[in-house]
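**Q** Submitted below is the structure of interest, expressed as structure tokens.
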Amino acid sequence: MIYLALCWKLFGESIVVTRVAMLFVAASALLGVFCLARRITNRVVAIASTLVTALYPVFFAQSSLAHLDMAAAALTIWGLFFYLPPHSTETDEDSISSTPPPLAWKHLAASIVLFALAALAKETAILTPLTLFGWELVTLCWRGWKRKPAINVRDARTNVVKAFSLLLSLLPLALWLAYHYHRTGYVFGNPEFFRYNVEATLTPARIMFAGAERLWHVTGHMNLFLLTGAAALLMLRRPLRDAGGERRRINVETQLVFAVLVAAHVAALSLVGGAVLARYMLPVTPLLIIICVSTLWRRTRNWRKLIIVVCAGFVLALFVNPPRRYPWEENLAYRDFILLHKEAAHFIANNHPEARVLTAWPAIDELREPYFGYTTRPLSVVTIEHFSIEHLAAARDASRFDVVLIFSTNYPRDLRPEEAASLLGGHIIFREERQGQWVAVIEKY
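Residues in the sequence shown are numbered consecutively from 2, following this note's numbering.
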């Protein structure tokens with residue numbers, strides 16, 4: 002947020018400046034994907050991985066939205082770039098039991114700083130350094146158990162220091178939380194924030210649902226299954242052989258690090274996090290993409306054609322909504338959402354400028370705040386939590402509004418315009434639809 006504040010200070014506070022600023026963050030993330038993939042594999046896989054990541058609908062849509070997840074993803078990916086050693090010239094001899102490469106302290110320091118910045122951007126980014134810390138200890142114990150007679154005490158001590166030094170990336174966030182507690186009396190935001198993101202999520206049914214959704218987000222969401230499915234099937238084939246021998250795979254230990262990071266994010270974000278959104282997985286989705294693209298390159302000569310198919314599937318998913326409820330922010334449906342709401346706001350402002358408008362978030366701010374560009378002046382708004390029959394009936398009995406701005410949401414209990422008009426004793430005076438989304442204005446009789 003300091004980055005956005007600086008951009009607003011230099012270029013003015015506007016939506017255009019915000020979107021361009023976030024595009025630079027997304028570009029940094031893509032450069033990080035390329036450099037990370039190039040570091041652990043080869044140039045062609047790095048180029049393909051970057052292209053696939055850029056076209057992945059969730060990444061593409063989030064690249065122009067002011068959410069914290071893109072910044073956290075960019076900083077995490079760059080942190081992994083400095084944390085992981087470059088690939089060697091070995092083929093399949095490397096494994097978790099092999100001797101780790103010499104430690105580059107400058108690279109480790111850079112990764113700690115980047116992980117710390119990622120955690121300050123979004124608190125859940127601490128999952129990466131915490132997971133790496135635990136994994137370093139596990140691999141150290143494994144190597145010691147496998148090679149007890151020959152274990153190098155100096156190397157073991159170095160790796161212990163490396164593992165615990167990762168915890169330094171948690172220090173800035175800890176200091177911020179301490180300061181926040183000192184100033185407000187709360188550690189993790191206000192009680193409502195903590196209830197929504199932590200307390201309300203710790204139920205068995207919700208954990209199981211969220212776990213399945215998180216797993217889908219990193220394996221199949223928005224046609225991602227085209228890539229993961231192809232990679233899984235190609236694992237049944239033997240690796241290709243070129244003039245120099247068998248095509249080299251990504252270091253096994255690096256693959257395990259990626260797998261552990263993905264698993265940690267799936268598990269942790271099934272327990273906390275409030276809304277189950279695909280953008281929460283952006284720090285680790287590119288890792289899975291790199292592994293899958295490398296698998297395609299290693300096991301079939303038609304890998305470029307498969308990449309084209311995957312990219313075509315992603316482009317299709319940008320414009321064609323999946324046959325299930327999902328947040329509009331995960332593809333270009335968010336554009337339809339904005340256009341529909343802008344048309345409805347203009348209709349109310351031009352035809353009922355003095356009306357008291359009953360509506361729910363985010364239309365509340367769209368009508369109240371001209372800054373967002375939906376209206377030229379603030380309108381009178383009566384708030385409602387959502388458009389369920391219970392809330393609309395309560396609002397009807399209160400009789401504090403003149404018109405209703407109702408729109409499609411992801412809440413299954415929300416009413417359609419015709420149902421809402423019948424319940425409220427009104428009639429529809431405006432209605433528009435786009436790609437399965439709709440918005441309507443209802444006037445009371």
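All residues carry an ideal CB built from backbone N, CA and C; glycine is no exception.
Under the rule that 16 or more other beta-carbon atoms within 10 Å means buried, what is H1, buried or exposed?
**A** Because the chain in this structure spans residues 2 to 446, residue 1 falls outside the shown range and cannot be described.
**Q** For S400, which three-state DSSP category applies?
**A** For this step, residue 400 is matched to residue 399 along the sequence shown. It is coil, neither helix nor strand.
**Q** Using DSSP bridges, identify the partner residues of Q438.
**A** As a first step, residue 438 must be located in the sequence shown, where it is residue number 437. DSSP, once it has assigned bridges, lists R435 as partnering Q438.
**Q** Residues in the same chain with beta-carbon distance under 7 Å from S271, minus the five sequence neighbours each way, listed in chain order, please.
**A** Within the sequence shown, residue 271 is the residue found at index 270, counting from 1. These residues qualify, in order along the chain: I208, A211, G212 and R215.
**Q** The beta strand (DSSP E) spanning R357 covers which residue range?
**A** Along the sequence shown, one-based indexing puts residue 357 at 356. That run of the beta strand (DSSP E) goes R357 to T360.
**Q** Give the secondary structure of E370 by DSSP, where H, G and I count as helix, E and B as strand, and everything else as coil.
**A** Position 369 of the sequence shown holds residue 370. Note: E370 maps to coil in three-state DSSP.
**Q** Taking the Cβ atom as the reference point for each residue, do A22 and L5 lie within a distance shorter than 8 Å?
**A** For the purposes of this step, residue 22 is taken as the residue at position 21 of the sequence shown. For the purposes of this step, residue 5 is taken as the residue at position 4 of the sequence shown. Yes, Cβ-Cβ distance for A22 and L5 is below 8 Å.
**Q** Buried or exposed for D398, going by 16 or more other Cβ atoms inside 10 Å?
**A** Within the sequence shown, the letter at position 397 stands for residue 398. D398 should be labelled exposed.
**Q** Spatial neighbours of F259 within its chain, please: C-beta separation below 8 Å, excluding the five flanking residues on both sides.
**A** Counting from one through the sequence shown, the residue named residue 259 turns up at place 258. Answer for F259: V285, L288, L289, I291 and I292, listed in chain order.
**Q** Quick one: what does DSSP say K445 is sitting in, helix, strand or coil?
**A** As a working note, residue 445 is residue 444 in the sequence shown. K445 falls in the strand class under three-state DSSP.
**Q** Between which two residues does the alpha helix (DSSP H) carrying V114 extend?
**A** Taking the sequence shown and counting its residues from 1, one reaches residue 114 at position 113. Taken as a continuous stretch (DSSP letters only), the alpha helix (DSSP H) holding V114 covers W106 to A122.
**Q** Please name the residue, chosen from A120, A276 and L169, that lies closest to F194 on a Cα-to-Cα basis.
**A** Within the sequence shown, numbered from 1, the residue matching residue 194 stands at position 193. For F194, the nearest C-alpha among the options comes from A276.
**Q** Using only the alpha-carbon positions, how far apart do P363 and I16 sit?
**A** Mapped onto the sequence shown, residue 363 falls at position 362. Mapped onto the sequence shown, residue 16 falls at position 15. Roughly 16 Å separates the two Cα atoms.
**Q** From R417 to I443, what distance separates their C-alpha atoms?
**A** Stepping through the sequence shown from its first residue, residue 417 is reached at position 416. Stepping through the sequence shown from its first residue, residue 443 is reached at position 442. So the alpha carbons of these two residues sit roughly 11 Å apart.
**Q** Please state whether DSSP places V188 in a helix, a strand or coil.
**A** Counting from one through the sequence shown, the residue named residue 188 turns up at place 187. If DSSP states are grouped into helix, strand and coil, V188 belongs with coil.
**Q** My output table needs one value for H353: the three-state DSSP class, helix, strand or coil.
**A** Along the sequence shown, read from residue 1 onward, the residue named residue 353 stands at position 352. Residue state, collapsed to three classes: coil.
**Q** With H, G and I counted as helix, E and B as strand and the rest as coil, what does DSSP make of P409?
**A** Position 408 of the sequence shown, counted from the start, is the residue given in the question as residue 409. For clarity, residue 409 is Ser in the given sequence; the question names Pro instead. If DSSP states are grouped into helix, strand and coil, S409 belongs with coil.
**Q** Got a sec? Which residues, its chain only, sit under 6 Å from N160 by beta carbon, not counting five neighbours each side?
**A** Your numbering for residue 160 matches position 159 in the sequence shown. Closer than 6 Å at the Cβ level, and outside the excluded window around N160, lie L141.
**Q** With a cut-off of 8 Å on the beta carbons, I'd call V294 and V26 a contact; round off their distance for me.
**A** Taking the first residue of the sequence shown as 1, we reach residue 294 at position 293. Taking the first residue of the sequence shown as 1, we reach residue 26 at position 25. Incorrect: roughly 23 Å between the Cβ atoms, too far for contact.
**Q** For G186, count neighbouring Cβ atoms within 10 angstroms of its own Cβ and tell me buried if that reaches 16, exposed if not.
**A** Your numbering for residue 186 matches position 185 in the sequence shown. So G186 counts as exposed.
**Q** Only counting the same chain, and skipping five residues up and downstream in sequence, which positions put a Cβ closer than 7 Å to that of F320?
**A** Looking up residue 320 in the sequence shown gives position 319. Correct list, in chain order: L333.
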